[in-house]
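If you're matching them up, the sequences are chains A and B in order. The opening residue of the first sequence carries number 53 in the working numbering; numbering runs sequentially from there. The opening residue of the second sequence carries number 619 in the working numbering; numbering runs sequentially from there.
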Amino acid sequence: MSLAVYHRKPSLIRDWFWSVDRISVGAAGILILIGLLLSLAASPAAAERRDLLDPFYYFWRHLAFAVMAMGSVFVVSLFSRQNARRLAMLAVISSLFVMLYILFFGQYSAGEAQRWIRIASFTLQPSEFLKPGLIVTFAWLFAKQEQDGIPGTALAVGLYGIAVILLILQPDFGQTILITLSFGAIFFMSGMSYLWIASFAGLSAIGFFAAYYSMPHVASRINRFLDPSSGDTYQVDMAMAAIQRGGIFGRGPGEGRVKNLIPDAHTDFIFSVAAEEFGMMLCILIILIYAIIIIRSMLRAQRLSDPVSQLAAAGLSILFGLQAFINIAVNLQVIPPKGMTLPFISSGGSSMLATGFTIGLLLAFTRAQPGEMQ
Amino acid sequence: MVSGRDELTPLADVQGISLSRLFASNSNVQDKMRKARHRISILTLTLGAVAIVLIARSADLAVLADPKSETLRVAAKDEVQPRARLIDRNGALLAANIKTWDVYVRRVDIDDPARLAARLSRLDGVSSFEVLKKRLSGKKGRARIARSVTPRQRKAIFELAEPGIEFEEKTRRIYPGGRLASHLLGWVNADGIGAAGVESSFDERLQQDASPLRLSIDSRVQFSLEDELRKAVELHKPIAAVGIVTHIPSGEILAMASLPDFDPNHFNTASPDTRRNRALTDPYELGSVFKPLTMAMALESGMELQNIRIDVNKKLIIAGREIRDFHPGSSPMSATDILVHSSNKGAARLALAIGPQKQRKYLQSYGLLDPAPIDLKGSADDYMASSEWSQVKTATIGFGHGLSVTPLSFVAALSAVVNNGRKNPLTVLVQPPEKNVHAPQQQVVSAETSRTVRRAMREVVLEGSGRRADVPGYGVAGKTGSAEKWDPKISGYARDRNVSSFVAVFPWESPEYMVFVLLDEPQGGDSTFGQETAGWNAAPTVHNIIKRIGPLLNAPYSSPNKVPPAKLIVRAEDVQ
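Structure (structure tokens):
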């Protein structure tokens, strides 16, 4: 029998299947299915707002991106660790380049912020792809800090600074916070002394207050959250009311109202749509699935012996988890609105593809390798 | 423990590197890995804790939500809910939203336009064959084949099983009564916003609160009023007619009609002239129906009318124009005689005795110088022919000329006078029974004055120009008004065109109901022996209305014990 195994021809899919973290792959698949299910509910309302003839326009789009995302999860997770790292660095360089281009030549904008670039009929948000790339690059730089004569920490801090400046210029406060928190987490995990960590936390706090005082939309969002009577809290109020209306078992598929009332129902507030139509049960299921992916990946990362892979995998899990939990926390009115999507569930091509890319990288780093796991 | 990678490193590769350095580096890496694993554990636990907090918060919101919470209430209010229905005081449906469909065919799915047009045109509610064939023949887009179809019509279209048919849901406001109370109800425009009548005046309420809005009108009374008005229009051929029935103690409008009228289900094809609520928007010089007001003013100004007799044979020439009486009576006249015989000269002399200042003050307090006190939007201002308040004006206003008022404004003013002087705003919403007596009420005349005026109005019906309005048993009091219309072409009053009106109050002892009818330019006919005056057209119309609505309203009978003594001619029917 052992001979039979030995003589079996190497198969890409089989090797991938047996080496990859199957539970995380399955969990991601369930999230994507939930996203499609909710898109069926939220799409007609969004299409009507845009006067689109096909009520399922957003669903078909969502489906197309979901398929592409699954494809990218698979393809990226096939990469060797070294190539995954190189791919991530390539993503950093190209996203930074595109962000610079938008900054100087960008015309396309949604809302007030210049975050998107138009490619053919799609708009792409480069900062979505920057995030996972940065995490892997940070991990590599921190892990290599004293080896091969590379001043890792200094480079990482510099890169972080450039990314944050570009994000603030857009301005994109949500992504800035997300990148800062993830950077802090890698900084922490890389074994930095608590003095350094405290300094970083202090600097972040200063940065936060600077943003509060210099960026009016940030100040207004936070003020509205702290004192709802100070301004328009329509979206979050409706979102929370939807969750309350949903109760334990929800109002039933298609019976939700919030999707007609909130402009961002199919993106940032999809969790509320889920809560209203399928109730607390689906909300808890969604949170648990995210928790499963995060905790499993963190534990797998913990057992890796290669410091770069370990930091990269843990950092990517944290990035993915933070984005999901921040979005959910906004929907549950635990924290002020950020403008962040729910990974794999929200409608939106950039977010969907970038999430696929993130999980692909994560799986590439946590894939079992002979003799690797301890 | 040594890591796998180090185990696999060929010894040759580490030659040249001092063993001590290798071990130092290795133990450093080991140390760092241990630290990293420890810190990963910390972060994993933190994220797990966040997940637990979020689950707890979800459960908290979903299970422990206070159903009466502010946000929930706001969200519920923002639901796209059907506009509230309108119902009458007895709960009868007056207006409601229903679901209908506009039907389209996608042209790319049509292979034979003529065949499809033939099949579709056989159905009810679909355009004709020619129209359909033309519409279906295009290449692109979609063709509308029917508008606002009912579920039954929709089913019939479904059953054709033709491809490419699309239904677009539309809500439509329907008025089951058709023309019934059309002016009072108004209509809703294509954007779902109330554009006239109650629909406009209570638009916000109807949009935000789905519970039906209960109006004060009584469909049965409304129907009777409209029916009798229509008969009067047929008989007397006026260019327009107005009818109002109110409940005096509460100010509730029980019925209100304006002819010509329209069907609010098809408001967009109705001419603006028919959509105008004349009771609210058209000021008229109402003429002699003002005389009870003049009488009340005279009493209030302290004149002892029971002792005053006025010579009405003497010529009365004001500003070069002689004021005449339609119905000459024996002179001298008492104030009641002036009402009974509708003497213009007498009323003018009373008004002159009251004086311009006081008259103006009283008119103001009755509300006749302001828009009608009613909760409907669009009430016209009452206005005076000239702003100067001269002797002439004072005299002519005494018998209802020189001051144009809307029918509703007049009804509100006379209601105050006959309601023991208590002034109530008019309302189209049903009032709770305990609020029959609005508070605070303005006392515009004394109860004594009110009773005297009512008694005189009762005399008008019993033996004066209002005889044809009487309905035995109900104790009807009233006053006719036949006012020549101002003709701007001749800058004078046209002899051959008048506004004929009658106002009735019953029972006169303790007034419950007011009925007002106005016919604009009625024609004389056989039934009126050629007469165009109110006694011959408006009064009998009011009679017919009271005869129909009295039993419906369960109106109290006039008590025979309370009939006015002395001059009153008590007829057998009154003493039942």
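Quick reminder that beta carbons are idealized off the backbone N, C-alpha and C, glycines included. All values derive from a computational prediction rather than experimental measurement.
- By the Cβ-count criterion, residue 140 of chain A is buried, with 16 or more other Cβ atoms from all chains shown falling within 10 Å of its own Cβ.
- Chain B places a beta carbon closer than 7 Å to that of residue 343 of chain A, counting this residue as a contact.
- Per the Cβ contact rule, the region 248–267 of chain A is not in contact with the region 286–293 of chain A (fewer than 3 Cβ pairs under 8 Å).
- Boundaries of the alpha helix (DSSP H) harbouring residue 404 of chain A: 401–418, taken from the DSSP string.
- Between residue 322 of chain A and the set A:211, A:397, A:83, A:66, the nearest pair of CA atoms involves A:397.
- The three-state reading of DSSP puts residue 421 of chain A in coil, since its state is none of H, G, I, E or B.
- Cβ atoms of residue 666 of chain B and residue 343 of chain A come within 8 Å of each other, at about 6 Å.
- 7 Å or more divides the Cβ of residue 382 of chain A from the Cβ of residue 94 of chain A.
- Chain B has no Cβ within less than 7 Å of the Cβ of residue 128 of chain A.
- Only residues of its own chain outside the window of five on either side were considered, and among them 300, 301, 302 have a CB closer than 8 Å to the CB of residue 333 of chain A, listed in chain order.
- Beyond the five residues adjoining it in sequence on each side, residue 706 of chain B comes within less than 7 Å, by CB distance, of 712, 833, 835, 836, 837 in the same chain, given in chain order.
- When Cβ-Cβ separations below 7 Å define contact, residue 829 of chain B makes no contact with chain A.
- Ranked by Cα distance from residue 1006 of chain B, the first of B:978, B:843, B:985, B:995 is B:978.
- Residues of chain A with a Cβ closer than 8 Å to the Cβ of residue 659 of chain B are, in chain order, 354.
- Under the 7 Å criterion on CB atoms, residue 1094 of chain B is classed as non-interfacial with respect to chain A.
- Residue environment: residue 295 of chain A is assigned as buried (16 or more neighbouring CB atoms within 10 Å of its CB, all protein chains considered).
- Taking a cut-off of 8 Å for Cβ pairs, the region 899–919 of chain B and the region 881–889 of chain B do not touch, as fewer than three such pairs fall below it.
- Bounds of any alpha helix (DSSP H) do not take in residue 995 of chain B, whose DSSP letter is neither H nor E.
- Residue 1042 of chain B and residue 846 of chain B have their alpha carbons spaced roughly 27 Å apart.
- For residue 64 of chain A, the enclosing alpha helix (DSSP H) starts and ends at 64–71.
- Non-local C-beta neighbours of residue 976 of chain B in its own chain, meaning closer than 6 Å and more than five positions away in sequence, comprise 919, ordered along the chain.
- Less than 7 Å divides the Cβ of residue 192 of chain A from the Cβ of residue 360 of chain A.
- Residue pairing from DSSP leaves residue 1077 of chain B without any beta-bridge partner.
- Residue state for residue 1104 of chain B is assigned as strand, using DSSP reduced to three classes.
- At a cut-off of 7 Å between C-beta atoms, residue 655 of chain B counts as an interface residue with respect to chain A.
- Linking residue 1088 of chain B to residue 1101 of chain B through their CA atoms gives a straight-line distance of about 22 Å.
- Close to chain B, meaning a Cβ-Cβ distance shorter than 7 Å, are the following residues of the region 379–391 of chain A: 380, 381, 384, 386.
- With respect to the 7 Å criterion, residue 962 of chain B and residue 943 of chain B are classified as neighbours on the basis of their beta carbons.
- Within the same chain, Cβ atoms closer than 6 Å to the Cβ of residue 96 of chain A are found at 107, the five residues on either side in sequence being excluded.
- Rounded to the nearest whole angstrom, the C-alpha separation of residue 939 of chain B and residue 987 of chain B is 26 Å.
- In the structure shown, residue 1084 of chain B adopts coil according to DSSP, grouped into three states.
- DSSP places residue 824 of chain B in no beta strand (DSSP E) but in the uninterrupted alpha helix (DSSP H) bounded by 821–826.
- Within chain A, the C-beta atoms nearer than 8 Å to that of residue 662 of chain B come from 346, 347, 350, 351, 354, in chain order.
- Here the alpha carbon of residue 362 of chain A sits roughly 25 Å from the alpha carbon of residue 146 of chain A.
- Nearest in C-alpha terms to residue 1157 of chain B, of all of B:906, B:842, B:1135, B:992, is B:1135.
- By the Cβ-count criterion, residue 70 of chain A is exposed, with fewer than 16 other Cβ atoms from all chains shown falling within 10 Å of its own Cβ.
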